[in-house]
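In the working numbering, the protein residues as written are -19 to 169.
Beta carbons: idealized from backbone N, C-alpha and C, even for Gly.
Below: one structure, written as structure tokens.
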Amino acid sequence: TKFNQTLIRLATLGYALPGAMLAIGILSLSTWLDSIFADTLKSLFGVTPGLIVTGTIGGLLFAYLCRFLTVAYNGVESGLQKVHGSLDFAARSLGAGPSRVLRTIHLPMIRGSLISAMLLVFIDVMKELPATLLLRPFNFETLATRVYRLASDERLPEASTAALVIVLVGLLPTIVLSISLARSNKWQK
-19 TKFNQTLIRL ATLGYALPGA MLAIGILSLS TWLDSIFADT LKSLFGVTPG
31 LIVTGTIGGL LFAYLCRFLT VAYNGVESGL QKVHGSLDFA ARSLGAGPSR
81 VLRTIHLPMI RGSLISAMLL VFIDVMKELP ATLLLRPFNF ETLATRVYRL
131 ASDERLPEAS TAALVIVLVG LLPTIVLSIS LARSNKWQK
């Protein structure tokens, strides 16, 4: 429906936004939620808590979800386009329930697309810096933030190790994706 299409477009808009802009929006939302929680807890129990939502892993994961949902959605959607509706109809007419149709028809047909989407999201999340810098909890470091911190301190030999890990860990899934695409293209010809 048109409403669903609008929701999908809104949900997949995050990839077009700069990471810092998205992080500032999420930071504004989380501080607003913290003030609501603080006011509620103070009025109910007389206790003023610290930050509950701001600076948590949950906020960072929400930022990653908003930012990289497009990558995952497009990968899975391209796989689902291969599944024809007549397969569902045939399976349902033979008595298969929805979960069995998903397990025995959909998942095997879109397995490659799911794996590709997961690898692409993994690569993007691993190298995301702006949102991670703004939203990460204290004493929480990713490879990208480690490289940034060490390079900012001009400790380039130490930063190079983490940078090489980012390159290698990003390269391996890329090689796997390339091989799987080459194999799928070979079978399609």
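**Chain-order list of residues whose beta-carbon lies under 7 Å from that of histidine 86 (same chain, five-residue window excluded)** = Taking the first residue of the sequence shown as position 1, residue 86 is located at position 106. If we look at histidine 86 and ignore the five residues flanking it on each side, its Cβ neighbours are Val63.
**Request:** Confirm, please, whether the CB-CB distance from glutamate 108 to arginine 47 is below 8 Å.
**Result:** Here residue 47 refers to the residue found at position 67 when the sequence shown is read from its first residue. Here residue 108 refers to the residue found at position 128 when the sequence shown is read from its first residue. Against a cut-off of 8 Å, the Cβ pair of glutamate 108 and arginine 47 comes out as a contact.
**Request:** Please determine, among Tyr53, Ile4 and Ile32, the residue with the shortest C-alpha to C-alpha distance to isoleucine -12.
**Result:** Numbered from its first residue, the sequence shown carries residue -12 at position 8. Ranking the options by Cα distance to isoleucine -12, first place goes to Tyr53.
**Prompt:** How big is the Cα-Cα spacing for alanine 76 and proline 153?
**Reply:** Taking the first residue of the sequence shown as position 1, residue 76 is located at position 96. Taking the first residue of the sequence shown as position 1, residue 153 is located at position 173. Whole-angstrom Cα-Cα distance: 35 Å.
**Item:** Where lysine 206 sits in the DSSP three-state scheme
**Value:** Given that the chain is displayed from residue -19 to residue 169, the structure contains no residue 206 and the question cannot be resolved.
**Request:** Examine the Cβ distances between the segment 66 to 82 and the segment 131 to 138 and report whether three or more of them are shorter than 8 Å.
**Result:** no
**Item:** Separation of leucine 94 from proline 88, as counted between CA atoms
**Value:** Within the sequence shown, numbered from 1, the residue matching residue 88 stands at position 108. Within the sequence shown, numbered from 1, the residue matching residue 94 stands at position 114. Cα-Cα distance, rounded: 10 Å.
**Asked** At what residue ranges does the segment 72 to 157 contain a whole run of the alpha helix (DSSP H), taking only runs of 4 or more?
**Response** 78 to 81, 87 to 107, 110 to 115 and 123 to 132
**Prompt:** Which residue's Cα is closest to the Cα of proline 117: Leu24, Val101, Val105 and Leu31?
**Reply:** Locating residue 117 in the sequence shown gives position 137, where the first residue counts as 1. Out of Leu24, Val101, Val105 and Leu31, Leu31 has the C-alpha closest to the C-alpha of proline 117.
**Through-space distance from alanine 143 to alanine -9, alpha-carbon basis** = For the purposes of this step, residue -9 is identified with residue 11 of the sequence shown, where counting begins at 1. For the purposes of this step, residue 143 is identified with residue 163 of the sequence shown, where counting begins at 1. Taking the straight line joining both Cα atoms gives about 31 Å.
**Prompt:** Does DSSP put glycine 35 in a helix, in a strand, or in coil?
**Reply:** Locating residue 35 in the sequence shown gives position 55, counting from the first residue. The answer is coil: DSSP assigns glycine 35 none of H, G, I, E or B.
**Message:** Using 8 Å as the cut-off, can you tell me whether the segment 23 to 38 makes contact with the segment 111 to 130, which would need three or more C-beta pairs spanning the two stretches below that distance?
**Reply:** yes
**Prompt:** Which residues in the same chain have their Cβ closer than 7 Å to the Cβ of threonine 11, if we skip the five residues on either side of it in sequence?
**Reply:** Translated into positions along the sequence shown, residue 11 becomes position 31. Within the same chain, threonine 11 has close Cβ partners Thr34.
**Message:** I believe leucine 49 touches glycine -6 by the beta-carbon criterion, under 8 Å. Please report the beta-carbon distance rounded to the nearest angstrom.
**Reply:** Stepping through the sequence shown from its first residue, residue 49 is reached at position 69. Stepping through the sequence shown from its first residue, residue -6 is reached at position 14. Between glycine -6 and leucine 49 the Cβ distance is about 6 Å, and since that is below 8 Å, they are a contact.
**Request:** Measure the CB-CB distance between valine 127 and isoleucine 146 and report whether it falls below 8 Å.
**Result:** Here residue 127 refers to the residue found at position 147 when the sequence shown is read from its first residue. Here residue 146 refers to the residue found at position 166 when the sequence shown is read from its first residue. Yes, the Cβ-Cβ distance between valine 127 and isoleucine 146 is below 8 Å.
**Item:** Limits of the alpha helix (DSSP H) - the one that leucine 9 falls within
**Value:** Position 29 of the sequence shown, counting from 1, holds the residue named residue 9. Where leucine 9 is concerned, the enclosing alpha helix (DSSP H) stretches over -1 to 25.
**Asked** Is the CB of threonine 141 under 8 Å away from at least one CB in chain C?
**Response** Within the model displayed, chain C is absent; a lone protein chain is all it includes.
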